[in-house]
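Heads up: the structure comes next, in structure tokens.
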Amino acid sequence: MEYVTVLNIAILTLDVRAWYRRPDSIYLFFKFCFSLIIGFGILFLQLMNATVGYKFVLPDLGGMELCYLIGYVGIITGSRLGIWTYLLLTGSQRPGIALPFGEPEAVRGRYGLYSLGIISMLAVVLYVGVTGFSFGQGSYEARYEDAQGMGIILRLFPAFLPFAAYKLTVAKSPREFWRSALVLVGFTFVMLIALEGYRQLMISAALLTVIIALKRKYVPLWVQLAIAVSALPALVSLSFLRYGGEVQAAGFTDPLTRIFYYIQGDLFPLDAPIRIIQWCDIRDCPGLEVFWNHLTLLVPRFLWPDKPAILLDAAGYYTQIVIAYNRALTLSATIIGEGFLIGSFGAIFAICVISGWLARILSVWMDRSTGMIKFILLANVPMGFFWIREGLENGILRTIFILAFLGIGTLTAPITKAILSAVPIRPRATRGGNRNVIPSVPAPNRPSPSPT
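FYI, in full-length UniProt numbering the residues of the sequence shown are 1 to 452.
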């Protein structure tokens with residue numbers, strides 16, 4: 001397997017380099033996550049097996065490597081098709097529009113972004129009003145029971161991310177940027193503790209901060225190294241919150257072994273496709289049913305009173321059926337596992353082609369757009385991480401909500417603008433000086449915030 005180690009590290013290195021140059025690219029981040037989670041994950045499994053021993057006998061990982069290479073070729077193929085599709089539909093060949101750093105007044109549609117932020121906070125307040133605060137006392141899986149009938153409210157939680165992307169982008173100094181970033185991550189941490197989970201929002205906020213900081217060159221090398229070093233301990237801490245109830249049941253008494261398994265489960269969940277492949281070797285797998293089941297998340301419970309708390313999508317089928325996991329939460333099947341549940345190697349290639357196509361379409365759309373949609377798309381760059389872990393079904397669902405947030409922001413922007421315009425305080429207060437500036441009256445010689 002020496003060739004696998006060299007090949008996968010080489011591919012990951014190229015993808016890291018490409019994404020580092022364009023950190024705000026949905027497609028490049030998606031491809032980087034595929035190389036990290038699947039390609040490097042194969043090497044991590046080998047490392048675990050050689051050090052602490054794996055929990056079951058690992059099969060020859062050559063088959064998993066073949067799945068990885070098939071998927072990687074599919075993603076690149078889909079990317080080329082995505083570029084051709086966009087150019088064919090739009091006839092556009094102009095370069096991408098630069099993000100308006102430090103120019104909040106120049107952003108069209110910013111009132112729609114304000115609306116999304118307000119709607120998100122109202123959704124959180126409404127949810128807490130109905131279910132109460134957890135303060136970390138409830139079990140992780142208790143949120144499934146609490147969330148029943150609250151699906152529409154839950155889907156509005158991430159609406160603050162486009163507003164956060166806007167605030168981070170238009171910050172006029174590093175100090176203002178990091179202050180906004182601290183508020184953003186702090187808000188998601190409070191949600192994590194108070195709402196029995198929803199760590200995806202905290203991960204998305206942290207990734208979004210890093211992505212925009214890299215784009216704006218606000219991250220010195222020593223800070224980049226510090227983030228890289230602290231990422232794994234942070235991930236392990238979140239894993240302890242999620243899996244803490246199964247520590248004794250799983251028999252992981254050694255802390256080092258437990259850390260290895262938590263990192264593998266949350267960052268490199270390749271045990272899922274391995275077990276799915278073994279399952280499908282002796283049984284009929286569900287096919288496209290798992291894909292359509294995920295999209296039924298959009299069906300409100302008042303239209304489907306018997307809607308189960310956990311649907312048998314790829315993650316649900318793997319958790320409930322393949323490994324018969326007895327806790328009320330789902331484990332990631334990965335995009336490779338989803339492919340095998342649908343239809344073996346051919347389905348893996350098809351899913352990755354469609355994923356590469358969609359990720360590239362979204363990237364080109366963001367490059368050639370301005371205003372509210374640009375920030376909605378920018379806020380969804382981190383979705384590549386969850387897309388690889390959950391599968392194409394997750395990418396399509398998130399794309400649907402991109403369009404939904406665009407519609408909500410567009411419809412509510414005039415109302416928000418009217419309300420904010422009626423107040424003597426400007427939507428974005430300046431640092432220092434008079435904060436009660438009437439928008440229609442220019443303020444000549446107003447000093448801009450000094451960079452620090």
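C-beta atoms are modelled at their ideal positions from N, C-alpha and C, and glycine is treated no differently.
Under a three-way DSSP split, which group does Arg-199 fall into?
Within the sequence shown, residue 199 is the residue found at index 199, counting from 1. Correct three-state label for Arg-199: helix.
TODO: Closer than 8 Å by C-beta to residue 473: which residues in its own chain qualify, once you throw out the five before and the five after it? Chain order, please.
DONE: Beyond the ends of the chain as shown, which are 1 and 452, falls residue 473; an answer cannot be given.
Identify the continuous alpha helix (DSSP H) that holds Pro-162 and give its terminal residues. Within the sequence shown, numbered from 1, the residue matching residue 162 stands at position 162. Unbroken alpha helix (DSSP H) run through Pro-162: 160–170.
With distance defined between alpha-carbon atoms, name the residue in Ile-336, Leu-341, Lys-374 nearest to Leu-66. Working through the sequence shown from its first residue, we reach residue 66 at position 66. Looking at the Cα atoms, Ile-336 is the closest of the given residues.
ask   = Using DSSP with H/G/I as helix, E/B as strand and the rest coil, what is Tyr-114?
value = Indexing the sequence shown from 1 puts residue 114 at position 114. Note: Tyr-114 maps to helix in three-state DSSP.
| message | Buried or exposed for Asp-306, going by 16 or more other Cβ atoms inside 10 Å? | response | Against the sequence shown, residue 306 aligns to sequence position 306. With a threshold of 16 other beta carbon atoms within 10 Å, Asp-306 falls short and is exposed.
Practice problem: May I have the straight-line CA-CA distance separating Ile-203 from Pro-162, to the nearest angstrom? | Solution: Residue numbering aside, residue 203 sits at position 203 when the sequence shown is read from its first letter. Residue numbering aside, residue 162 sits at position 162 when the sequence shown is read from its first letter. Each residue's Cα considered, the two are about 15 Å apart.
Which residue marks the beginning of the alpha helix (DSSP H) containing Gly-71, and which one marks its end? On the sequence shown, residue 71 is found 71 positions in, with the first residue counted as 1. Annotation: the continuous alpha helix (DSSP H) that includes Gly-71 extends over 62–90.
Top-ranked residue by Cα proximity to Leu-392, from Ala-413, Ala-350, Ala-422: Sequence index remark: in the sequence shown, residue 392 carries index 392 (1-based). The candidate whose alpha carbon is nearest that of Leu-392 is Ala-350.
To the nearest whole angstrom, what separates the beta carbons of Ala-109 and Gly-371, a pair I think is in contact under 8 Å? Looking up residue 109 in the sequence shown gives position 109. Looking up residue 371 in the sequence shown gives position 371. Reading off the sequence, residue 109 comes out as Gly, not Ala. The C-beta distance from Gly-109 to Gly-371 rounds to 4 Å, short enough to fall under 8 Å.
Worksheet entry | Buried or exposed by the 16-neighbour rule on C-beta atoms within 10 Å, applied to Phe-56 | Taking the first residue of the sequence shown as position 1, residue 56 is located at position 56. It is exposed - the Cβ of Phe-56 has fewer than 16 other Cβ atoms within 10 Å.
Exercise for review: Measure from the alpha carbon of Lys-417 to the alpha carbon of each residue in Ile-212, Ser-35, Arg-22, Gly-112, then state which is nearest.
Suggested key: Start at 1 with the first residue of the sequence shown, and residue 417 comes out as number 417. With respect to the C-alpha of Lys-417, the residue from Ile-212, Ser-35, Arg-22, Gly-112 having the closest C-alpha is Gly-112.
Item to complete: Identify which residue in Leu-154, Ile-118, Ser-115 has its Cα closest to the Cα of Val-128.
Response: As a working note, residue 128 is residue 128 in the sequence shown. Out of Leu-154, Ile-118, Ser-115, Leu-154 has the C-alpha closest to the C-alpha of Val-128.
Counted within 10 angstroms of its Cβ, other Cβ atoms place Asn-326 as buried (16 or more) or exposed:
Within the sequence shown, the letter at position 326 stands for residue 326. Counting the other CB atoms within 10 Å of its CB gives Asn-326 a total below 16, which places it among the exposed residues.
Using 8 Å as the Cβ pair cut-off and three pairs as the minimum, do the stretch 200–219 and the stretch 172–189 touch?
Because the criterion of three Cβ pairs below 8 Å is met, the stretch 200–219 and the stretch 172–189 touch.
Please identify the residue among Gly-41, Val-6, Val-4 whose C-alpha is closest to the C-alpha of Asp-266.
On the sequence shown, position 266 is the one that residue 266 refers to. Nearest option by C-alpha distance: Gly-41.
task: Assuming Gly-82 contacts Arg-360 (C-beta within less than 8 Å), just tell me the rounded distance between them.
output: Taking the first residue of the sequence shown as position 1, residue 82 is located at position 82. Taking the first residue of the sequence shown as position 1, residue 360 is located at position 360. The beta carbons of Gly-82 and Arg-360 sit about 3 Å from each other, so the pair counts as a contact at 8 Å.
Measuring alpha carbon to alpha carbon, tell me which residue in Val-170, Thr-209, Lys-172, Ser-173 is nearest Val-183.
Along the sequence shown, read from residue 1 onward, the residue named residue 183 stands at position 183. For Val-183, the nearest C-alpha among the options comes from Thr-209.
query: When you compare each of Arg-368, Arg-389, Cys-352, Met-366 to Ser-79 by their alpha carbons, which one comes out closest?
result: Position 79 of the sequence shown, counting from 1, holds the residue named residue 79. Considering only Arg-368, Arg-389, Cys-352, Met-366, the residue with the shortest C-alpha distance to Ser-79 is Cys-352.
Reduced DSSP category for residue 508 - H, G, I as helix; E, B as strand; rest coil: Because the chain in this structure spans residues 1 to 452, residue 508 falls outside the shown range and cannot be described.
Does the separation of the CB atoms of Leu-36 and Asn-49 fall below 8 Å?
Residue mapping note: residue 36 aligns to position 36 of the sequence shown, counting from 1. Residue mapping note: residue 49 aligns to position 49 of the sequence shown, counting from 1. Their beta carbons are not under 8 Å apart, which means Leu-36 does not touch Asn-49 by this criterion.
Notebook entry, point to check: Taking Cβ to Cβ, would you say Phe-268 is nearer than 8 Å to Val-52?
Noted result: For the purposes of this step, residue 268 is taken as residue 268 along the sequence shown, with counting starting at 1. For the purposes of this step, residue 52 is taken as residue 52 along the sequence shown, with counting starting at 1. Against a cut-off of 8 Å, the Cβ pair of Val-52 and Phe-268 comes out as no contact.
What do you get for Thr-90, buried or exposed, if any count of 16 or more other CB atoms within 10 angstroms of its CB means buried?
As a working note, residue 90 is residue 90 in the sequence shown. Thr-90 should be labelled exposed.
Practice problem: Would you mind sorting Leu-20 into buried or exposed? The rule is 16 or more other CB atoms within 10 Å of its CB. | Solution: Against the sequence shown, residue 20 aligns to sequence position 20. Inspection of the sequence shows that residue 20 is occupied by Tyr rather than by Leu. Its Cβ having fewer than 16 others within 10 Å, Tyr-20 is exposed.
Alpha helix (DSSP H) segment containing Gln-264, residue limits
Walking along the sequence shown from the start, residue 264 turns up at place 264. Where Gln-264 is concerned, the enclosing alpha helix (DSSP H) stretches over 255–267.
| For the alpha helix (DSSP H) that contains Trp-292, what are its first and last residues? | Within the sequence shown, the letter at position 292 stands for residue 292. 289–295 is the span of the alpha helix (DSSP H), which, as asked, contains Trp-292.
- Message: Using CA atoms only, rank isn't needed, just tell me which of Thr-169, Leu-192, Leu-14 is closest to Phe-157.
- Response: Translated into the one-based positions of the sequence shown, residue 157 becomes position 157. When only C-alpha atoms are compared, the closest one is Leu-192.
Quiz prompt | Same chain, Cβ closer than 7 Å to Met-366, neighbours up to 5 away in sequence not counted | solution = Along the sequence shown, one-based indexing puts residue 366 at 366. Ile-26, Lys-374, Leu-377, Leu-378.
Exercise. Taking the alpha-carbon positions, what's the Ala-18 to Gly-62 distance?
Worked result: Taking the first residue of the sequence shown as 1, we reach residue 18 at position 18. Taking the first residue of the sequence shown as 1, we reach residue 62 at position 62. If you take the alpha carbons of Ala-18 and Gly-62, they lie about 27 Å apart.
message: Applying the 10 Å Cβ sphere with the 16-neighbour rule, what's the burial state of Tyr-68?
response: The residue given as residue 68 occupies position 68 in the sequence shown. That one is buried.
If contacts are defined as beta-carbon pairs under 8 Å, then Gly-316 and Thr-334 qualify, I think. What distance do you get, rounded to the angstrom? Your numbering for residue 316 matches position 316 in the sequence shown. Your numbering for residue 334 matches position 334 in the sequence shown. Cβ-Cβ separation between Gly-316 and Thr-334: approximately 14 Å, too far for a contact (criterion under 8 Å).
Q.
I need the straight-line Cα distance from Phe-44 to Phe-30, nearest angstrom please.
A. As a first step, residue 44 must be located in the sequence shown, where it is residue number 44. As a first step, residue 30 must be located in the sequence shown, where it is residue number 30. Using only the alpha carbons, I get a separation of about 20 Å.
Nearest CA to the CA of Trp-84: which residue from Val-364, Phe-405, Gly-74, Thr-296? Residue 84 sits at position 84 when you count from the first residue of the sequence shown. Answer by Cα proximity: Val-364.
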